[in-house]
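Trainee:
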Amino acid sequence: ACQWDGEFEPYLIDLEPYINRDNWDADDIIPSLWEQSGKWAGKIMGIPFSNTPQTLAYRTDLIKEIPDTWEELFVILDKVHDPSKGFYGMAIPGVKEQLSGLWMCVHWSLGGVWADEDWNVMIDSPETRKALRIVKRWFSYADPAAPAWGLPESDAAFLNGNAAVALSWPTLAIAPNGDNPEKSKVVGKWAIGLLPFEKTGLSNLSSWDIGIPKAAKNKDAAWEWIKFYTSKEKQLQNFVEYSILPSRKSVWEQPEVKSHKLYPHKEASDRGALIWWRIPAGTMSETIIRDAVSNYVTNQWDIEKAVSYMEEGLKKILGEYPPPEGVKNIEYNYVKSRIRK
Numbered sequence: 029a030c031q032w033d034g035e036f037e038p039y040l041i042d043l044e045p046y047i048n049r050d051n052w053d054a055d056d057i058i059p060s061l062w063e064q065s066g067k068w069a070g071k072i073m074g075i076p077f078s079n080t081p082q083t084l085a086y087r088t089d090l091i092k093e094i095p096d097t098w099e100e101l102f103v104i105l106d107k108v109h110d111p112s113k114g115f116y117g118m119a120i121p122g123v124k125e126q127l128s129g130l131w132m133c134v135h136w137s138l139g140g141v142w143a144d145e146d147w148n149v150m151i152d153s154p155e156t157r158k159a160l161r162i163v164k165r166w167f168s169y170a171d172p173a174a175p176a177w178g179l180p181e182s183d184a185a186f187l188n189g190n191a192a193v194a195l196s197w198p199t200l201a202i203a204p205n206g207d208n209p210e211k212s213k214v215v216g217k218w219a220i221g222l223l224p225f226e227k228t229g230l231s232n233l234s235s236w237d238i239g240i241p242k243a244a245k246n247k248d249a250a251w252e253w254i255k256f257y258t259s260k261e262k263q264l265q266n267f268v269e270y271s272i273l274p275s276r277k278s279v280w281e282q283p284e285v286k287s288h289k290l291y292p293h294k295e296a297s298d299r300g301a302l303i304w305w306r307i308p309a310g311t312m313s314e315t316i317i318r319d320a321v322s323n324y325v326t327n328q329w330d331i332e333k334a335v336s337y338m339e340e341g342l343k344k345i346l347g348e349y350p351p352p353e354g355v356k357n358i359e360y361n362y363v364k365s366r367i368r369k
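Residue numbering for the sequence shown is 29 to 369, as defined by the numbering used here.
1. Please list the segments of the alpha helix (DSSP H) lying wholly inside the region 288 to 360, counting only runs of 4 or more residues, in order along the chain.
2. With burial defined as no fewer than 16 other Cβ atoms inside 10 Å of the residue's Cβ, what is the status of W32: buried or exposed?
3. Could you tell me whether the Cβ atoms of M73 and E35 are closer together than 8 Å?
4. What residue range does the beta strand (DSSP E) around I220 cover?
5. Determine the burial state of E353: buried for a count of at least 16 other Cβ atoms within 10 Å of its Cβ, exposed for fewer.
6. Measuring straight from C-alpha to C-alpha, what distance separates G189 and C133?
7. On a CA-only basis, which of L105, W236, V141, A54 is nearest E339? Give me that one, please.
8. Apart from the five residues on each side of it in sequence, which residues of its chain come closer than 6 Å, Cβ to Cβ, to I41?
9. Give me, in chain order, the residues of the same chain whose beta-carbon lies closer than 8 Å to that of I331; leave out the 5 immediate sequence neighbours on both sides.
10. Pair every Cβ in the region 68 to 88 with every Cβ in the region 208 to 223, then say whether three or more of these pairs are closer than 8 Å.
11. For M150, which of helix, strand or coil comes out of DSSP?
12. So which of P204, I104, S212 has the shortest CA-CA distance to W166?
13. Compute the Euclidean distance between the alpha carbons of I57 and P76, then round it to the nearest angstrom.
14. Does the Cβ of S287 have 16 or more other Cβ atoms within 10 Å, making it buried, or fewer, making it exposed?
15. On the criterion of 16 or more Cβ atoms from any shown chain inside 10 Å, does K124 qualify as buried, or is it exposed?
16. Could you tell me if Y67 is buried or exposed, where buried requires 16 or more neighbouring beta carbons within 10 angstroms of its beta carbon?
17. DSSP three-state call for L101: helix, strand or coil?
18. Cβ of V285 less than 8 Å from any chain C Cβ?
19. With a 10 Å radius around its C-beta and 16 neighbouring C-beta atoms as the bar for buried, classify K113 as buried or exposed.
20. For V356, which residues from the same chain have a beta carbon less than 6 Å from its beta carbon, with the 5 sequence-adjacent residues on both sides left out?
21. With H, G and I counted as helix, E and B as strand and the rest as coil, what does DSSP make of V279?
22. In three-state terms, what does DSSP make of D55?
23. In this structure, what does DSSP give as the bridge partners for T156?
24. Residue ranges of each beta strand (DSSP E) run of no fewer than 3 residues wholly in the region 179 to 207, ordered along the chain?
25. Hey, could you find the ends of the beta strand (DSSP E) L233 is sitting in?
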């Protein structure tokens with residue numbers, strides 16, 4: 029997974045000589061994706077083969093389209109939310125391992141960042157507080173059990189017809205099963221939507237890339253396999269059979285992709301999707317974020333304690349595990365360059 033690129037890079041070879049030798053069609057890989065999944069500090073350490081920005085699923089018989097702001101979406105949910113009938117505005121995977129990524133989507137969409145490009149922590153901000161309040165408000169539209177839900181429970185609630193919006197990864201269960209009458213009660217009444225744009229339209233990224241270990245005994249054979257698995261033909265097959273979203277621009281233009289219910293992910297990818305820090309401290313930093321978000325939305329901490337915990341925790345982790353020399357925080361410019369005036 030791309031969030032570990034920075035940790036794995038020392039153990040992987042640079043693929044650029046192979047790319048140049050074979051005149052491999054690198055221009056077909058989505059550039060903004062590759063910068064976050066497979067490239068590290070000027071080195072091509074992997075080729076991305078999946079490209080999944082965070083999206084949502086919604087009921088088309090209840091919601092015409094997803095608006096640009098969360099406040100506008102809450103107005104819509106007020107009209108359909110009816111817990112007395114077992115129907116909720118939102119199905120949320122509320123366990124902290126999932127909720128933190130959703131919070132990041134909101135935070136980045138508001139123009140918030142964790143740190144500047146030189147890793148000076150900036151998370152004590154109005155955007156952080158607003159994102160926390162938005163995510164906490166989600167639960168007023170959710171099943172009371174939602175804080176304990178993972179992706180299976182959130183997806184099941186939506187497929188069972190018990191929610192107007194599902195904040196999950198629709199590629200995993202909703203898209204494969206949504207129009208199967210044996211597994212869904214919302215056949216023909218759902219679609220994939222983008223998260224509210226707010227200021228930047230950014231969402232969270234899930235991507236995987238493939239590299240070659242320095243210790244590999246047959247690097248040429250490994251490269252041939254990478255070319256096969258990341259080829260246009262294989263990516264199209266993976267999309268059709270397994271809902272794996274392509275990293276190649278050309279595959280997104282294929283008729284069977286453009287006509288598919290998953291195609292809105294193309295717009296989400298074009299808007300921009302961001303992975304959290306890929307430095308060695310990245311996973312520990314994400315754990316700090318998830319603990320703060322979870323404790324705030326479940327009323328164990330107030331908002332100032334949550335923000336303070338993030339601020340102090342990120343500073344401590346960066347001090348203990350500083351980024352490699354010369355590596356900048358791409359999150360900062362990625363977010364700030366996309367703010368819509």
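Just so it is clear, CB atoms sit at the ideal spot from N, CA and C, and this is done for glycine as well.
Mentor: The relevant details are as follows:
1. The qualifying runs are 292 to 299, 310 to 325, 331 to 348.
2. With fewer than 16 other CB atoms across the displayed protein chains lying within 10 angstroms of its CB, W32 is exposed.
3. Result no, Cβ atoms of M73 and E35 do not sit closer than 8 Å.
4. Looking at the DSSP string, the run of the beta strand (DSSP E) that includes I220 is 218 to 221.
5. E353 comes out exposed.
6. Approximately 25 Å, taken between the alpha carbons.
7. Closest option to E339, Cα to Cα, is V141.
8. Cβ neighbours of I41 beyond the five flanking positions: I240, K242.
9. For I331, where only same-chain residues beyond five positions count, the Cβ hits under 8 Å are R157, L160, R161, Y324.
10. The region 68 to 88 vs the region 208 to 223: in contact.
11. In the structure shown, the three-state DSSP call for M150 is coil.
12. Minimum Cα distance to W166 is reached at I104.
13. One alpha carbon belongs to I57, the other to P76, and they sit about 8 Å apart.
14. Its Cβ having fewer than 16 others within 10 Å, S287 is exposed.
15. Buried, because 16 or more other Cβ atoms sit within 10 Å of the Cβ of K124.
16. The question names Tyr, but residue 67 in the sequence shown is Lys. Of the other Cβ atoms in all chains shown, 16 or more fall within 10 Å of the Cβ of K67; this residue is therefore buried.
17. Residue state, collapsed to three classes: helix.
18. The question asks about chain C, but that chain is absent: this structure has only one protein chain.
19. That one is exposed.
20. According to the sequence displayed, residue 356 carries Lys and not Val. Correct list, in chain order: E145.
21. For V279, the secondary structure class from DSSP, reduced to helix, strand or coil, is helix.
22. Looking at D55 - three-state DSSP - the assignment turns out to be helix.
23. Paired residues: none, contrary to the question.
24. Within the region 179 to 207, the complete beta strand (DSSP E) runs of at least 3 residues are 191 to 194.
25. L233 -> beta strand (DSSP E) spans 231 to 234.
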